[in-house]
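Before any comments, here is the structure.
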Amino acid sequence: MRKIKLLLLLIVFILFNSYVIQKGIYINNSIKENKYSKKLNKEIMLKKKVSSGIKDNVLLDSSIAITDNLINDVNIDIEKKEKEKDKLDEKLLAMKKQPIINDYKTAYLTFDDGPSWLTPEILDILKKHNAHATFFVVNAVDNYKDVLNRMVNEGHTIGLHSATHKYDYIYSSEQAYFDDLNRIKDSVKRLTGYNSTLIRFPGGSSNTVSAKYNKGIMSRLTKEVQVRGFYYHDWNVDSGDAAGANADRMISNIERVPSDKKYVNVLMHDAGSKRQTVLALDRIITYYEQNGYHLEALKESSPCVRHAVNN
Ligand SMILES: [Zn+2]
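Printed below as a string of structure tokens:
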């Protein structure tokens, strides 16, 4: 009996133990699982944070992009507005300086590069015809004070050509151009009291030689001179005296231009070497008179003949 009791106790003990052991494993596993799940949760949380961080970054990036676009749009808008303003300024300028076109045909005779010893003869011929002209001067010096004053007193106008007439200097920069222009303007003012605003660019506004010294300078100068209150004139009839045409050739050059033009601006020179111009002048004036032209001096209100700018 004792043996049976002991055996039963042993069996009960073994069963109990195996139960406890199993439970222990379960508890242990449970703890392990719990730890694992906590770790997993932490990772999930971290991943979530990172992913929301990425989301935040994406959001930040896209909001920077939107801001950039807005700034870009505003810049484009400002550029557009500035361009519109420039156009408006040009229109206003054009409106303000709307030329008065005579209801008769007008010939504007112009003489560049003087005065010289030949200029008094030219003034005499003009006087004889009661014709008026414009002198785009370079020699506004004391020696020609009387000639310059005679121009003004006899109803001609003095235009500004250049103080130096040196292309490599005047077209080297805007500063140089205006320094030169103001020099000749001040000299004319000092010698005659006449405040000239009419100009002719050396070589004309269409010259290409200036590109050698400063690319695009004519495009800028042709605008800037107007902003500063000057009126620039090119020509639509070239007598050819600059290229050495004799008097006969000058006449034929002039006659080649159709005589039904409403106004002509005739390029001539009264520099000291232009004797042929003096010899041709009487016939040139007669030609225009016979074709119904009035010979007038350029004024601020006169139409400006202008070439296409090439630099
Ligand atoms: Zn010249």
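When the letters of the sequence shown are read in order and numbered with numbering that gives the first Met the number 0, they come out as residues 0 to 310.
Using N, Cα and C, we set each Cβ at its ideal position, and we do this for glycine too.
A quick note: this is a predicted structure, and the numbers were derived from the prediction, not measured.
Check: Using a Cβ-based criterion (distance less than 6 Å to any ligand heavy atom), does Asp-240 qualify as near ligand 1?; Outcome: no
Check: Relative to the C-alpha of His-164, which residue among Asn-152, Val-136, Asn-148 is closest?; Outcome: Val-136
Check: Taking 6 Å as the cut-off, does the CB of Pro-201 come closer than this to any heavy atom belonging to ligand 1?; Outcome: yes
Check: Which same chain residues, not among the five before or five after Lys-298, have their C-beta less than 7 Å away from its C-beta?; Outcome: Thr-156
Check: Going by CA-CA distance only, name the one from Val-208, Gly-243, Tyr-166, Lys-144 that's closest to Ser-359.; Outcome: This structure does not reach residue 359, given that the chain is present from 0 up to 310, and the question cannot be answered.
Check: Could you say which of Glu-173, Asp-141, Val-226, Gly-203 lies nearest to Asp-185 if we only look at CA atoms?; Outcome: Asp-141
Check: For Tyr-286, name the three-state secondary structure that DSSP assigns.; Outcome: helix
Check: Taking the alpha-carbon of Tyr-230 as reference, which of Ala-242, Asn-245, Ser-301, Asp-179 has the nearest alpha-carbon?; Outcome: Ser-301
Check: Measure the Cβ-Cβ separation of Asp-179 and Ser-161 and say whether it is below 7 Å.; Outcome: yes
Check: Which whole-angstrom value describes the C-beta separation of Met-267 and Phe-110, a residue pair presumed to lie in contact below a C-beta threshold of 8 Å?; Outcome: 5 Å
Check: Cβ of Asp-269 within 6 Å of any heavy atom in ligand 1?; Outcome: no
Check: Just to confirm the assignment, what range does the alpha helix (DSSP H) spanning Asp-185 have?; Outcome: 173-191
Check: Taking only three categories from DSSP, how would you classify Val-151?; Outcome: helix
Check: Do three or more CB pairs link the region 268-275 to the region 117-134 at distances below 8 Å?; Outcome: yes
Check: Could you work out which residue in Gly-192, Lys-261, Ser-218, Ala-279 is closest to Asp-240 when comparing CA atoms only?; Outcome: Ala-279
Check: Three or more beta-carbon pairs under 8 Å between the region 94-108 and the region 255-267, yes or no?; Outcome: yes
Check: Rounded to the nearest angstrom, what separates Asp-237 and Asn-71 at their Cα positions?; Outcome: 51 Å
Check: When you measure from the CB of Asp-123 to every non-hydrogen atom of ligand 1, does any distance come out below 6 Å?; Outcome: no
Check: Can you tell me which of Tyr-170, Ala-130, Leu-122 puts its alpha carbon nearest to the alpha carbon of Leu-147?; Outcome: Leu-122
Check: Could you have a look at Asp-233 and say whether DSSP puts it in helix, strand or coil?; Outcome: coil
Check: Hey, is Asp-233 close to ligand 1, as in C-beta under 6 Å from one of its heavy atoms?; Outcome: no
Check: What would DSSP say about Thr-196, mapped onto helix, strand or coil?; Outcome: coil
Check: Only counting runs of 3 or more residues, tell me where the beta strand (DSSP E) segments fall wholly within the region 107-169, in order along the chain.; Outcome: 132-136, 156-159
Check: For the alpha helix (DSSP H) containing Leu-297, name the first residue and the last one.; Outcome: Counting along the chain, Leu-297 falls outside any alpha helix (DSSP H), and DSSP gives it neither H nor E.
Check: On the DSSP bridge list, what partners appear for Tyr-212?; Outcome: Partner(s): none; Tyr-212 has no beta bridge.
Check: Inspect the beta-carbon positions of Ala-242 and Gln-275 and report whether they are closer than 7 Å.; Outcome: no
Check: If we call anything under 7 Å between Cβ atoms a contact, is Val-208 one with Gly-202?; Outcome: yes
Check: Can Asp-111 be considered in contact with ligand 1, in the sense that its beta carbon sits closer than 6 Å to one or more heavy atoms?; Outcome: yes
Check: DSSP state of Asn-252, grouped into three classes?; Outcome: helix
Check: With a threshold of 16 other CB atoms inside 10 Å of the CB of Asp-227, please say whether the residue is buried or exposed.; Outcome: In the sequence as presented, Asp is not what sits at residue 227; that position holds Arg. Arg-227 should be labelled exposed.
Check: If you reduce the DSSP assignment to three classes, tell me which class Ile-26 lands in.; Outcome: With a pLDDT of only 46 at Ile-26, under 50, the local geometry of the prediction cannot be trusted, and the value read off the model is given with reservation. Residue state, collapsed to three classes: helix.
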